[in-house]
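Colleague: Shown below is the structure under consideration.
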Amino acid sequence: MSVLSLTFHTTAAIEQEWNSYAQKELEELVNNLWDVEKYMLSQVESEMLSEGSNTNVLLVFASPQKRMEFLESELQNITERILERFGDQVLVFKTLLNPLSSTL
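Residue numbers (the working numbering): 6 to 109.
Structure follows, in structure tokens:
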């Protein structure tokens, strides 16, 4: 098992448009990813965030190789789609989660 966290930081100016996009198009996009075993789409709640909002997608892959393949191809496609639609109003951050231990 291999896990990847994608965080999409949006400015307050596009928050409504982004929320609509995330709930419809982003969820459909993630749901249709072949190599993803499981995922969770969530709104991030944080005391540290004072401008805009963060949406997170937690992706679970069968192996580190599948995760790497996703990073090399699909992530670029997703990022390009978002940049094309929202420009610099959305920043995409990837975090590779490498377990020290797990009960999953």
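For each residue, glycine too, the CB sits at the ideal point set by N, CA and C.
State the CB to CB distance for the pair Val41 and Phe66, rounded to an integer number of angstroms; the pair is presumed to be in contact (CB under 8 Å).
Modeller: With a Cβ gap of about 7 Å, Val41 and Phe66 count as contacting.
Colleague: Rounded to whole angstroms, what is the Cα-Cα separation between Val35 and Tyr44?
Modeller: 8 Å
Colleague: Could you tell me which residues DSSP puts in a beta bridge with Ser78?
Modeller: DSSP lists no partner for Ser78.
Colleague: Note the first and the last residue of the continuous alpha helix (DSSP H) segment covering Asn24.
Modeller: Glu20 to Tyr26
Colleague: Can you tell me the Cβ-Cβ gap for Leu9 and Lys99, rounded? I've got them flagged as a contact below 8 Å.
Modeller: 7 Å
Colleague: If we ignore side chains and look at the alpha-carbon of each, how far apart do Leu63 and Ile87 end up?
Modeller: 17 Å
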